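Before any comments, here is the structure.
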Amino acid sequence: MMAQLQGLIETFRFGDLVDILSVAVLIYYLYKQIRDTRAMALLKGLIVLGLINVASRFFDLHVISWLLQQGMTVLLVALPVVFQPELRRALERLGRGRLFSKSQDVSEVEIDNLVNEVMASAKVMSRDRIGALIVFEREVGLGEIIDTGIEIDGKVSRELLNNIFIPNTPLHDGAVVIRGNRIMAAGCLLPLTQDRSLSTELGTRHRAAIGLSEQADAVVLVVSEETGKISYTYGGHIYRHLPEEQLRESLRAFMERPKNALSFLKKWRAKK
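Residue numbers 1 to 272, in the UniProt record's numbering, belong to the letters of the sequence shown in order.
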């Protein structure tokens with residue numbers, strides 16, 4: 001035993017260490033991507049099937065072992081089709097590194113003004129029970145979403161936002177997309193989330209906001225038409241019943257560097 005261990009140590013190369021670390025990082029990254037998705041349940045099922053397969057080989061259960069092998073072949077072919085949204089989301093997140101990210105050219109003064117204008121508009125719409133969806137683009141480009149709406153390319157102002165979301169107008173039911181401190185488009189269509197575990201209290205606007213935040217790192221501000229409540233979504237989660245000042249700080253942090261937003265979000269979750 002000691003001789004085998006010594007031989008293994010002697011033949012161990014630096015490349016082997018890099019190989020092991022690379023696989024470990026890949027496994028950890030994949031786990032982070034699927035831990036809050038329906039794919040996590042699939043992973044648990046695959047682990048169970050793997051244990052059954054090992055047991056069937058150990059006890060020479062040839063029929064069960066053959067069935068499992070055939071089933072795994074079919075499963076590997078079906079996985080990319082069944083979990084296409086999760087795979088796409090993982091690849092999009094992979095491309096959010098510093099190498100592929102967009103530069104943030106909005107100053108702190110402009111960010112403060114942006115947040116003030118958006119919050120002033122949201123408060124008016126909340127008071128008047130006017131539904132609204134306001135998307136803040138961050139590192140991941142939202143060109144496809146912008147293309148579904150009407151081009152605006154105007155500086156963010158409470159007056160412009162209020163006019164866009166006037167009830168019974170062509171742009172009322174869509175979303176506004178903000179890039180930097182400009183409204184790029186209005187009346188945009190957002191993808192609905194497929195999460196069936198969400199509360200039945202959440203309407204189409206909230207589900208659309210969650211759906212986009214699942215696919216991109218955007219922050220989506222939602223004003224409920226039924227209750228007038230203001231909430232926001234990020235990373236596939238919805239944050240509701242927030243005090244106004246906390247909501248302002250959240251938006252401000254998200255519009256700054258991403259690390260500031262994540263730090264703020266972790267602190268807020270810790271308080272819950």
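Don't be surprised by glycine CBs; every beta carbon is placed ideally from N, CA and C. Just so it is clear, the structure is predicted and the values come from calculations on it, not from any experiment.
Got a sec? Which residues, its chain only, sit under 6 Å from L114 by beta carbon, not counting five neighbours each side? As a first step, residue 114 is located in the sequence shown; it is residue number 114 there, counting from the start. Same-chain partners within the cutoff: V156, N181.
With a threshold of 7 Å (Cβ to nearest heavy atom), would E214 be considered close to the ligand MG? As for the ligand MG, it is missing from this structure, which has no ligand bound.
Just list the residues that DSSP pairs F136 with in beta bridges. What you label residue 136 is simply residue 136 of the sequence shown in a count that begins at 1. DSSP output for F136 lists I178, V219 as bridge partner(s).
Are three or more beta carbon pairs between the stretch 133–148 and the stretch 213–230 nearer than 8 Å? yes
Specify, as a first and last residue, the run of the alpha helix (DSSP H) that T169 falls within. Translated into the one-based positions of the sequence shown, residue 169 becomes position 169. It is not in any alpha helix (DSSP H) - T169 carries neither H nor E in the DSSP assignment.
Can you check whether the CB of I152 is closer than 8 Å to the CB of A120? For the purposes of this step, residue 120 is identified with residue 120 of the sequence shown, where counting begins at 1. For the purposes of this step, residue 152 is identified with residue 152 of the sequence shown, where counting begins at 1. Against a cut-off of 8 Å, the Cβ pair of I152 and A120 comes out as no contact.
Quick one: grab the DSSP three-state call for F100. Numbered from its first residue, the sequence shown carries residue 100 at position 100. Since pLDDT at F100 reaches only 47, below the 50 mark, its modelled position is unreliable, and the value read off the structure follows with that caveat. If DSSP states are grouped into helix, strand and coil, F100 belongs with coil.
So R252 packs on I111, CB below 8 Å; how close in whole Å? Taking the first residue of the sequence shown as position 1, residue 252 is located at position 252. Taking the first residue of the sequence shown as position 1, residue 111 is located at position 111. Yes, they are in contact, since the Cβ atoms of R252 and I111 sit about 6 Å apart, within 8 Å.
Check whether the Cβ atoms of A208 and L221 lie closer than 8 Å to each other. Locating residue 208 in the sequence shown gives position 208, where the first residue counts as 1. Locating residue 221 in the sequence shown gives position 221, where the first residue counts as 1. Contact flag unset, no.
Closest to I130 by CA distance: which of G228, P170, L160 is it? Locating residue 130 in the sequence shown gives position 130, counting from the first residue. Here the closest residue by C-alpha is G228.
Identify every run of the alpha helix (DSSP H) within the stretch 18–75, keeping only runs that are complete inside it and at least 4 residues long; order them along the chain. 39–58
By how many angstroms is the C-alpha of E226 removed from the C-alpha of L161? Residue 161 sits at position 161 when you count from the first residue of the sequence shown. Residue 226 sits at position 226 when you count from the first residue of the sequence shown. One C-alpha to the other measures close to 19 Å.
If I measure Cβ to Cβ from Y234 and keep anything under 6 Å in the same chain, skipping five residues before and after, which residues do I get? Sequence index remark: in the sequence shown, residue 234 carries index 234 (1-based). These residues qualify, in order along the chain: S213, V219.
Between A132 and the rest of its own chain, which residues show a CB-CB distance below 6 Å, the 5 nearest in sequence each way excluded? Reading the sequence shown from its first residue, position 132 is the one you call residue 132. Counting only Cβ-Cβ distances below 6 Å, and skipping sequence neighbours, we find M125, F165, V223.
DSSP on H237, reduced to helix/strand/coil? Your numbering for residue 237 matches position 237 in the sequence shown. Note: H237 maps to strand in three-state DSSP.
Beta-carbon proximity check, I178 vs V135, cutoff 8 Å: Taking the sequence shown and counting its residues from 1, the one referred to as residue 178 is at position 178. Taking the sequence shown and counting its residues from 1, the one referred to as residue 135 is at position 135. A contact, by the Cβ cut-off of 8 Å.
Quick one: is L30 buried, meaning 16 or more other Cβ sit within 10 Å of its Cβ, or exposed? Working through the sequence shown from its first residue, we reach residue 30 at position 30. It counts as exposed.
In whole angstroms, what is the alpha-carbon distance linking P80 and L87? Indexing the sequence shown from 1 puts residue 80 at position 80. Indexing the sequence shown from 1 puts residue 87 at position 87. So the two alpha carbons sit approximately 7 Å from each other.
CA-to-CA distance, A3 to D16, given in whole angstroms: Your numbering for residue 16 matches position 16 in the sequence shown. Your numbering for residue 3 matches position 3 in the sequence shown. If I take the Cα positions, the gap works out to 20 Å.
Buried or exposed by the 16-neighbour rule on C-beta atoms within 10 Å, applied to N73: Counting from 1 along the sequence shown, the entry for residue 73 is found at position 73. Looking at the sequence shown, residue 73 is not Asn but Thr. Exposed, since its Cβ has fewer than 16 Cβ neighbours within 10 Å.
One or two residues paired with I150 in a DSSP bridge: In the sequence shown, counting from the first residue as 1, residue 150 sits at position 150. DSSP, once it has assigned bridges, lists A186 as partnering I150.
Start and end residues, alpha helix (DSSP H) containing L160: As a first step, residue 160 is located in the sequence shown; it is residue number 160 there, counting from the start. From DSSP, the alpha helix (DSSP H) with L160 extends over 158–164.
Using the Cα positions of D19 and Q69, report the straight-line distance between them to the nearest angstrom. Within the sequence shown, numbered from 1, the residue matching residue 19 stands at position 19. Within the sequence shown, numbered from 1, the residue matching residue 69 stands at position 69. Looking at the two C-alpha atoms, the distance is approximately 27 Å.
Cutoff 6 Å; reference A122; Cβ partners in own chain excluding five residues on either side: Numbered from its first residue, the sequence shown carries residue 122 at position 122. Cβ within range, chain order: V223, I230.
Taking Cβ positions, are R158 and E117 nearer each other than 8 Å? Position 158 of the sequence shown, counted from the start, is the residue given in the question as residue 158. Position 117 of the sequence shown, counted from the start, is the residue given in the question as residue 117. Taking 8 Å as the Cβ cut-off, R158 and E117 qualify as a contacting pair.
Please name the residue, chosen from L46, R240, F59, that lies closest to L76 on a Cα-to-Cα basis. Taking the first residue of the sequence shown as 1, we reach residue 76 at position 76. Residue L46 is the option with its Cα nearest to L76.
Figure out for me which residue from Q246, I210, I27 has the closest Cα to the Cα of I238. Residue mapping note: residue 238 aligns to position 238 of the sequence shown, counting from 1. I238 has its Cα closest to that of I210, out of Q246, I210, I27.
Same chain, Cβ closer than 6 Å to R240, neighbours up to 5 away in sequence not counted: Residue numbering aside, residue 240 sits at position 240 when the sequence shown is read from its first letter. Excluding positions up to five away in sequence, the list reads S231.
Alpha carbon to alpha carbon, what distance is there between L26 and G174? Here residue 174 refers to the residue found at position 174 of the sequence shown. Here residue 26 refers to the residue found at position 26 of the sequence shown. Each residue's Cα considered, the two are about 38 Å apart.
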